[in-house]
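Let me begin by presenting the structure, written as structure tokens, before commenting on it.
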Amino acid sequence: MKKNILISGGLGFIGSNFLKYILKKKHINCIVIDKLTYASNIDILNKYKKYKNFKFYKIDICDNKKIKKLFSDIKFNHIINFAAESHVDNSIKNPNQFFKTNILGVINLANAALEQWGYGSKKNGFLQISTDEVYGDLKTLQSRGFDEKSMLLPNSPYSSSKASAELILRSYNKTYGMQITITNCTNNFGPHQNNEKLIPVIINSLINGKKVPLYGNGKNIRDWIFVDDHCKIILKLLNNFNSLSKYNIGQNNEYSNLELVNIIYKCIREIMLKNKKLLKKYPKFNFELDFNNELINFINDRLGHDFRYAIDSKLLNKKFNIKLKNSFLLNLKKTIKWYLNND
Ligand SMILES: NC(=O)c1ccc[n+]([C@@H]2O[C@H](COP(=O)([O-])OP(=O)(O)OC[C@H]3O[C@@H](n4cnc5c(N)ncnc54)[C@H](O)[C@@H]3O)[C@@H](O)[C@H]2O)c1
Numbered sequence: 001m002k003k004n005i006l007i008s009g010g011l012g013f014i015g016s017n018f019l020k021y022i023l024k025k026k027h028i029n030c031i032v033i034d035k036l037t038y039a040s041n042i043d044i045l046n047k048y049k050k051y052k053n054f055k056f057y058k059i060d061i062c063d064n065k066k067i068k069k070l071f072s073d074i075k076f077n078h079i080i081n082f083a084a085e086s087h088v089d090n091s092i093k094n095p096n097q098f099f100k101t102n103i104l105g106v107i108n109l110a111n112a113a114l115e116q117w118g119y120g121s122k123k124n125g126f127l128q129i130s131t132d133e134v135y136g137d138l139k140t141l142q143s144r145g146f147d148e149k150s151m152l153l154p155n156s157p158y159s160s161s162k163a164s165a166e167l168i169l170r171s172y173n174k175t176y177g178m179q180i181t182i183t184n185c186t187n188n189f190g191p192h193q194n195n196e197k198l199i200p201v202i203i204n205s206l207i208n209g210k211k212v213p214l215y216g217n218g219k220n221i222r223d224w225i226f227v228d229d230h231c232k233i234i235l236k237l238l239n240n241f242n243s244l245s246k247y248n249i250g251q252n253n254e255y256s257n258l259e260l261v262n263i264i265y266k267c268i269r270e271i272m273l274k275n276k277k278l279l280k281k282y283p284k285f286n287f288e289l290d291f292n293n294e295l296i297n298f299i300n301d302r303l304g305h306d307f308r309y310a311i312d313s314k315l316l317n318k319k320f321n322i323k324l325k326n327s328f329l330l331n332l333k334k335t336i337k338w339y340l341n342n343d
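Each residue of the sequence shown is one higher than the last, beginning at 1 in the working numbering.
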């Protein structure tokens with residue numbers, strides 16, 4: 001029998017890349033809901049309409065009535081929740097919307113699931129896509145990355161909203177026996193990411209002949225994973241609910257923001273030199289910038305800016321024998337080419 005999977009926030013950056021994989025599984029009906037915020041990708045909707053196992057409903061996960069109605073119409077085997085307000089800068093300006101969607105929205109989904117699945121169901125599961133930012137930051141370069149047992153010490157309204165959702169779902173497992181899997185992934189990059197996020201900001205600034213805005217001294221460090229690699233892991237986890245599980249997902253690609261700008265600048269230069277059409281398309285791209293002086297516009301640091309995120313994903317890799325090819329540069333070039341070719 002076909003499985004019904006609810007994919008909330010499926011038209012965002014990670015969700016829309018995930019659909020590419022899950023829609024190929026003919027035994028799965030993908031029921032996608034999304035509020036269609038500025039962060040969603042409506043073009044993807046048109047692209048996936050042709051799949052018989054794809055259904056879309058415009059629903060806000062905070063809309064209790066609509067969520068209840070959806071659950072009374074469809075019996076779901078599992079839920080994967082990508083839906084969230086996801087941009088840290090926005091969470092500093094407008095925390096309430098983050099608490100609403102990222103906490104109350106998750107509670108709505110969990111309550112609807114509980115009503116449909118009952119207590120202690122071993123057949124159903126809730127997969128919550130969370131972030132490594134819930135662990136807070138590492139103060140030094142030497143500190144070991146967080147593992148799944150590390151304390152939740154979030155520092156931004158965004159990360160505290162995601163940490164809250166994790167704790168609420170934990171309680172639904174402990175109290176009602178709902179099967180819960182939580183993933184804590186590092187920074188994703190790849191095609192279709194919103195222009196507000198760091199890698200698109202760097203690419204767009206450089207190709208338009210502008211300095212790249214970086215917070216503080218640019219030395220903050222992030223670990224990067226290609227979105228497709230993240231999506232392939234989520235697909236594996238979907239068949240592996242086991243009461244309460246939590247997995248870090250990362251690839252040990254740690255770079256300071258300054259290093260990242262330098263790498264991207266060199267990649268764009270290499271790609272442009274091989275493609276005359278792109279040279280014409282982006283006449284403002286400057287091939288002879290002095291990295292230290294001309295590339296970066298240092299701006300006032302972000303409030304509560306975490307210095308370094310790094311995680312230990314041994315548990316996941318060991319349990320599922322995951323051996324991702326770590327081709328950071330290759331995937332970065334793929335991503336850059338996508339941005340150069342898609343206005
Ligand atoms: N992007 C990353 O680097 C990263 C890393 C780790 C974890 N995550 C987590 O992964 C998930 C997806 O991230 P993303 O980068 O794809 O985010 P995104 O902002 O690109 O997409 C979020 C999607 O959720 C939808 N949405 C927002 N509020 C909603 C609501 N109230 N009801 C229904 N839909 C709503 C948006 O319309 C959008 O389509 C988030 O939960 C985020 O916390 C992201």
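Here a beta-carbon is modelled for each residue, glycine too, at the ideal position from N, C-alpha and C. Please read these numbers as outputs of a predicted model, since none were measured by experiment.
Close beta carbons around residue i, own chain, < 6 Å, minus the five adjacent residues each side
i: Lys35; result: Asp60
i: Phe146; result: Tyr135, Ile311
i: Phe226; result: Gly190, Asn331
i: Tyr176; result: Leu114, Tyr119
i: Leu279; result: Met272
i: Asp132; result: Asn184, Thr186, Tyr309, Ile311
i: Gly304; result: Asn155, Ser156
Cβ-heavy atom distance, residue i to ligand 1, below 7 Å
i: Thr37; result: yes
i: Ile80; result: no
i: Ser156; result: no
i: Ala83; result: yes
i: Asn187; result: yes
i: Cys62; result: yes
i: Leu198; result: no
i: Phe241; result: no
i: Asp223; result: no
i: Ile33; result: yes
i: Ser313; result: no
i: Ser8; result: yes
i: Gly12; result: yes
i: Gly250; result: no
i: Ile207; result: no
i: Gly136; result: no
i: Ser40; result: yes
i: Ile129; result: yes
i: Thr335; result: no
i: Gly120; result: no
Cβ neighbour criterion (16 or more within 10 Å) applied to residue i
i: Leu141; result: exposed
i: Ile299; result: exposed
i: His192; result: buried
i: Gly209; result: exposed
i: Glu85; result: buried
i: Ser171; result: exposed
i: Thr183; result: buried
i: Asn102; result: buried
i: Asn46; result: exposed
i: Ser91; result: buried
i: Arg144; result: exposed
i: Tyr21; result: exposed
i: Phe320; result: exposed
Endpoints, alpha helix (DSSP H) assigned at residue i
i: Pro157; result: 157-176
i: Asp229; result: 227-237
i: Thr335; result: 328-341
i: Tyr48; result: 42-48
i: Gly15; result: 13-22
i: Phe98; result: 95-99
Residue-chain proximity (residue i, chain C), Cβ-Cβ < 8 Å
i: Ser256; result: Here chain C cannot be found, since the structure has a single protein chain.
Element boundaries [beta strand (DSSP E), containing residue i]
i: Leu214; result: 212-215
i: Tyr57; result: 54-58
i: Tyr255; result: 254-256
i: Asn194; result: It is not in any beta strand (DSSP E) - Asn194 carries neither H nor E in the DSSP assignment.
i: Ile33; result: 28-34
i: Ser121; result: Looking at the DSSP string, Ser121 is not in any beta strand (DSSP E), and its letter there is neither H nor E.
i: Ile5; result: 3-8
Cβ-Cβ separation, residue j to residue i (assumed contact under 8 Å), whole Å
i: Ala39; j: Gly12; result: 5 Å
i: Thr37; j: Gly190; result: Rounded, the Cβ-Cβ distance is 19 Å, inconsistent with contact.
i: Leu340; j: Ile271; result: 7 Å
i: Asn4; j: Lys26; result: That pair is no contact at about 13 Å.
i: Ile80; j: Ile33; result: At roughly 11 Å, the Cβ-Cβ gap does not stay under 8 Å, so Ile80 and Ile33 are not in contact.
i: Ala165; j: Gln116; result: Contact doesn't hold; Cβ gap of about 19 Å is too wide.
i: Asn257; j: Asn220; result: 6 Å
i: Ile375; j: Leu244; result: With the chain represented from 1 up to 343, any question about residue 375 goes unanswered, as that position is not in the structure.
i: Lys68; j: Ala112; result: 6 Å
i: Leu295; j: Val212; result: 6 Å
Residues near residue i by beta carbon distance below 7 Å, same chain, minus five either side
i: Ser160; result: Pro154
i: Gln97; result: Glu85
8 Å CB neighbourhood of residue i in its chain, flanking five on each side removed
i: Ser346; result: The chain is shown only over 1 to 343; residue 346 falls outside these bounds and no answer can be derived.
i: Ile268; result: Ile203, Leu206, Ile207, Phe285, Ile336, Leu340
i: Asn41; result: Leu11, Gly12, Phe13, Ser16, His192
i: Asp137; result: Asn155, Asp306, Phe307, Arg308, Tyr309
i: Lys281; result: Leu340
i: Ile44; result: Leu11, Ser16, Leu19, His192
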